[in-house]
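Asks: The sequence shown begins at 1 in full-length UniProt numbering and counts up by one. Positions of the beta carbon are idealized from the N, C-alpha and C atoms, including for glycine. Bear in mind the structure is a predicted one, so any value in this text is a computation, not a measurement.
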Amino acid sequence: EQLNRYVKNFIQNAVSLKTERGWKNRPLFSGADFEKNDNGEWEVRLRCHPDLEDAFFALADSGYQRYYLKYTLSL
């Protein structure tokens with residue numbers, strides 16, 4: 001139950017992208033699945049929103065996502 005709340009909260013995060021005429025808001029992730037593997041450990045699979053893939057992977061290359069996920073996982 002606790003992991004479900006964390007994952008649900010995590011995928012509700014949105015990203016705002018400034019455009020020439022205004023803003024676009026998109027959820028960072030389009031979905032998440034989690035289940036126990038054969039070793040009894042939880043595995044979480046996140047699907048990046050298709051509109052944000054380029055921006056997400058640019059951030060991942062900079063190390064930001066690794067930093068953010070590291071501290072999110074400690075929750």
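1) Give me whichever residues DSSP pairs with L46 in a beta bridge.
2) Can you check DSSP and say which residues form a bridge with R26?
3) Return yes when the Cβ of F29 is within less than 9 angstroms of the Cβ of E43, no when it is not.
4) Give every residue of the same chain whose Cβ lies closer than 8 angstroms to the Cβ of G31, excluding the five residues on either side of it in the sequence, and list them in chain order.
Replies: The short version:
1) A32
2) V15
3) no
4) I11, L46, R47
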